[in-house]
Each structure stands twice: as structure tokens, then as C-alpha cells.
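Asks: Dropping the structure in here first, questions after.
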Amino acid sequence: MEPGALAKPHIGLTETAARGYSSTEADGSFHLDEKAQWDADVTFTHTNSTTSGNLSTANEFMFGATDFLDDANDWRGAIDYWNDTTNKIRYVGPTASYTHTWFETQGRVQDQDTVETWGLTLDLGLNFYSADVDVTSNGKEVRKGTPNVVTKAASVTTTQFHPSLTLEHAFYDEALVPFITAGHYFYSVDPNTLESAVNKVGVRLSPASTAGVDVLVGGFIKNSWALGTVVVVAPKTKLKLEYGRNQSATDDTWSTAYSVKVEHTFGERWRGSLGWSHAVQQDVPIEFGTLGLAYLF
149 MEPGALAKPH IGLTETAARG YSSTEADGSF HLDEKAQWDA DVTFTHTNST
199 TSGNLSTANE FMFGATDFLD DANDWRGAID YWNDTTNKIR YVGPTASYTH
249 TWFETQGRVQ DQDTVETWGL TLDLGLNFYS ADVDVTSNGK EVRKGTPNVV
299 TKAASVTTTQ FHPSLTLEHA FYDEALVPFI TAGHYFYSVD PNTLESAVNK
349 VGVRLSPAST AGVDVLVGGF IKNSWALGTV VVVAPKTKLK LEYGRNQSAT
399 DDTWSTAYSV KVEHTFGERW RGSLGWSHAV QQDVPIEFGT LGLAYLF
């Protein structure tokens, strides 16, 4: 079921581009045992961005493992590390998710078929942020390169905790799967302190592990929600539509993002995807195009 259903074992490459933005993602997953009860996955993402007038060059690594407890239950744990080398800000932390799926039996007694109906996923993310800033000898922050000022390095930190819930329901033997998701972000320290310290308003700070349209907007997020659907439009072809809103944790303004993605499996070994996304933050629109290709084991 979508979202939350993990892909088959594969290796893949995804390119995302926009005006002033480019991203390359390489990912893969594979079975850890013969019964395919355990899966492992790894993702690497490299991003360059000048959106909102801020230069950002970042790398992200994620390593995860999934335990399919039975047909109705699975859980996934991962460790996520992200580092913006331009702005000298980074985070590291664990993520965990648990999914329960409900089934029903259809058809005549002698020819019954069990199909998925409802799915509920709980996601939890814990990220430890730190940023390097320059301060004067008396502790006041200054911009890098300010002349005639004696500076020293300092670190600004905050801890982010992000729970979210996703509810989905399958119709017509999973040919149509609408879903809704909502989450809240908690911070140990006012995130405005860290965001303003590195002048990063408009640059993505929330982790990619949040998935969905959250990753299309910049800055720290307070609240987020999204709704969408996955439709099987033809054999081996899926269409995913998603619309979401995110509230900034620093100024309480809301941003809007929506996306369209088509995914098709060619034969038994190849899967391609083509997507388009649109985001509006602080009245500034930006368009994203995405192209992906994966080889299935």
C-alpha cells in the first residue's frame, strides 16, 4: 500500500532540478535473509541550491533496516546524517516507523481472496542539529568576513523530535489508495536561534526522512500535513498525487506544496519515474522536475 509500502530490492538513481536547485539521489535495498523477513536500505543524496538567495551544498546519508514481522505488521529503523558544508550546519539522528495493515476477505467461500484495506503508520524522528558560527571575543555573533573584528568559532545547537501519523485506505483491490498524514516538530531550543545564526531562511533544514512534500520547503517546520492518492492507471503504471502545507517554526507562516508523479515498471527489471512539484514559500514559487530510474533484483 502507499505510502509506506517499501520497494522491491533495487538500486536506483533520481535527479531533481529547479531554477537554482539540483539534487542527485542514489539508493538501494536488498534482502538480508532467504525468507525476506529483513531488508536493508541505503540512500545518498547530494544537493546544490541557491533558492531564496542562499547558497547551500549538502550531502545526506541514510542507512536503514526493516523487519516484516508478519503480513500485517512491519517496523523500520534508520540512522540519518546530513551536512551542509557551505553553511556549516549538520544533523544526525535515528528514525523509526511502525506500520499495521488491516485485511478483509472477499469472494465466495471456495474462492476467497484476502485484500488490504486500511493501513496506519507511525513515524518518529529524532535529530540533533549543530551549526558553526563566528562570534566576537565577548560572545556576540558577527557575519563571517567582517573586518577589524576579532572572532572565534562557536556552536549553536538544537534537538528536533518529529512524530507523524499516516492513514491510508485501499479501494478496488489497491487500484486506488488515498492517504492523509500529519506531523508536529518539537525543539529543545527555539530554532530561530540556529536558523538566524547561519542566515539560512529558505534553505531546507527538516530531514528528508520526513518524505513527501515537506522536503520542498525551507527552514525549520513546526506543523505539517498532506493528503493525496495513489492510482493504478494502467498495468504496471501508478500515478501519485499529493498536496501539503507546512508551518514555519520561526515565523509561523504557512507554505504550500503539491506534486504529481508517474511510475512505470518495464518488464520485470526496470522501473522509471517522472515527477513535477510546485512549492510556494513566503510568496515565492518554485517548480521542481524529477526523473528516476531503478533496476529491480
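Heads up: the sequence shown at position 249 corresponds to 397 in my numbering, and the numbers run straight through without jumps.
Even glycine gets a Cβ: it sits at the ideal position worked out from N, Cα and C.
#1: Does DSSP put Glu343 in a helix, a strand or coil?
#2: Measuring alpha carbon to alpha carbon, tell me which residue in Val325, Asn394, Gly423 and Arg167 is nearest Thr438.
#3: Helix, strand or coil for Ser336, going by three-state DSSP, please let me know.
#4: Considering just the uninterrupted stretch of the beta strand (DSSP E) at Tyr320, what are its terminal residues?
#5: If you measure between the beta carbons of Trp250 and Trp266, is that distance less than 9 angstroms?
#6: Which same chain residues, not among the five before or five after Pro339, have their C-beta less than 7 angstroms away from its C-beta?
#7: Helix, strand or coil: which one does DSSP assign to Glu416?
#8: By DSSP's criteria, Gln185 is part of a beta bridge. Which residues make up the other side?
#9: Whole angstroms is fine: what's the gap from Glu252's alpha carbon to Leu342's?
#10: If Asn211 and Ile227 are in contact, beta carbons under 8 angstroms, what's the gap, nearest whole angstrom?
#11: Anyone know if the C-beta pair for Phe445 and His158 falls short of 9 angstroms?
#12: Taking only the alpha-carbon atoms, compute the straight-line gap between Ala318 and Val379 and give it to the nearest angstrom.
#13: To the nearest angstrom, report how far apart Asp261 and Glu322 are at their CA atoms.
#14: Got a sec, what are the start and stop residues for the beta strand (DSSP E) Ala397 sits in?
#15: Determine the DSSP secondary structure at Thr405, reduced to helix, strand or coil.
#16: Going along the chain, which residues of its own chain have a beta-carbon closer than 6 angstroms to the beta-carbon of Thr404, five neighbours each way excluded?
#17: Let's see if you can read the secondary structure: which residues bound the beta strand (DSSP E) around Ala166?
#18: Would you identify the three-state DSSP class for Leu217, choosing helix, strand or coil?
#19: Look up Pro433 in the DSSP assignment and give the residues it is bridged to.
#20: Determine the extent of the beta strand (DSSP E) in which Gly376 is found, giving its start and end residues.
#21: Is Asp233 helix, strand or coil by DSSP?
#22: Does the beta-carbon of Arg417 have 16 or more other beta-carbons within 10 angstroms, so that it is buried, or is it exposed?
#23: Excluding the 5 residues preceding and the 5 following Leu387 in the sequence, name in chain order all residues of the same chain whose CB lies nearer than 6 angstroms to its CB.
#24: Would you mind sorting Gly415 into buried or exposed? The rule is 16 or more other CB atoms within 10 Å of its CB.
Replies: Taking the structure as given:
#1: In the sequence shown, the residue the question calls residue 343 occupies position 195. In the structure shown, Glu343 adopts helical secondary structure according to DSSP, grouped into three states.
#2: Counting from one through the sequence shown, the residue named residue 438 turns up at place 290. Here the closest residue by C-alpha is Gly423.
#3: Within the sequence shown, residue 336 is the residue found at index 188, counting from 1. In the three-state reduction of the DSSP assignment, Ser336 falls in the coil class.
#4: The residue labelled residue 320 in the question sits at position 172 within the sequence shown. Premise fails: Tyr320 is in no beta strand (DSSP E) and is neither H nor E.
#5: For the purposes of this step, residue 250 is identified with residue 102 of the sequence shown, where counting begins at 1. For the purposes of this step, residue 266 is identified with residue 118 of the sequence shown, where counting begins at 1. Yes, the Cβ-Cβ distance between Trp250 and Trp266 is below 9 angstroms.
#6: Translated into positions along the sequence shown, residue 339 becomes position 191. Answer for Pro339: Thr306, Phe368, Ala397 and Thr398, listed in chain order.
#7: Mapped onto the sequence shown, residue 416 falls at position 268. In the structure shown, Glu416 sits in coil (DSSP, three-state: anything other than H, G, I, E or B).
#8: In the sequence shown, residue 185 corresponds to position 37, counting from 1. Answer is none; Gln185 lacks a bridge partner.
#9: By 1-based counting over the sequence shown, the position of residue 252 is 104. By 1-based counting over the sequence shown, the position of residue 342 is 194. Per the coordinates, the alpha-carbon of Glu252 lies some 49 angstroms from the alpha-carbon of Leu342.
#10: Along the sequence shown, read from residue 1 onward, the residue named residue 211 stands at position 63. Along the sequence shown, read from residue 1 onward, the residue named residue 227 stands at position 79. Note that residue 211 is Phe in the sequence shown here, rather than Asn. Correct: roughly 5 angstroms between the Cβ atoms.
#11: Taking the sequence shown and counting its residues from 1, one reaches residue 445 at position 297. Taking the sequence shown and counting its residues from 1, one reaches residue 158 at position 10. Annotated as proximal: Phe445 and His158, with beta-carbon spacing under 9 angstroms.
#12: As a first step, residue 318 must be located in the sequence shown, where it is residue number 170. As a first step, residue 379 must be located in the sequence shown, where it is residue number 231. Going by the C-alpha atoms only, they are around 10 angstroms apart.
#13: Here residue 261 refers to the residue found at position 113 when the sequence shown is read from its first residue. Here residue 322 refers to the residue found at position 174 when the sequence shown is read from its first residue. A direct Cα-to-Cα measurement between Asp261 and Glu322 gives close to 13 angstroms.
#14: Here the question's residue 397 lines up with position 249 in the sequence shown. That residue, Ala397, is in no beta strand (DSSP E); it is neither H nor E in DSSP.
#15: The count along the sequence shown starts at 1 and reaches residue 405 at position 257. Checking the displayed sequence, the identity of residue 405 turns out to be Ala instead of Thr. Ala405 falls in the strand class under three-state DSSP.
#16: Residue numbering aside, residue 404 sits at position 256 when the sequence shown is read from its first letter. The answer, listed in chain order, is Arg393 and Val428.
#17: If you number the sequence shown from 1, residue 166 lands on position 18. Bounds of the beta strand (DSSP E) holding Ala166 are His158 to Ala166.
#18: Taking the first residue of the sequence shown as position 1, residue 217 is located at position 69. Coil.
#19: Here residue 433 refers to the residue found at position 285 of the sequence shown. BP columns for Pro433 point to Val428.
#20: Taking the first residue of the sequence shown as position 1, residue 376 is located at position 228. Residues Ile369 to Ala382.
#21: Counting from 1 along the sequence shown, the entry for residue 233 is found at position 85. At residue 233 the sequence reads Thr, which differs from the Asp that was named. DSSP places Thr233 in coil when its eight states are reduced to three.
#22: Position 269 of the sequence shown, counting from 1, holds the residue named residue 417. Arg417 comes out exposed.
#23: Residue mapping note: residue 387 aligns to position 239 of the sequence shown, counting from 1. Closer than 6 angstroms at Cβ, skipping near neighbours: Val379, Val381 and Val410.
#24: To locate residue 415, count along the sequence shown from 1; it is residue 267. Around the beta carbon of Gly415, fewer than 16 other beta carbons lie within 10 angstroms, which makes this residue exposed.
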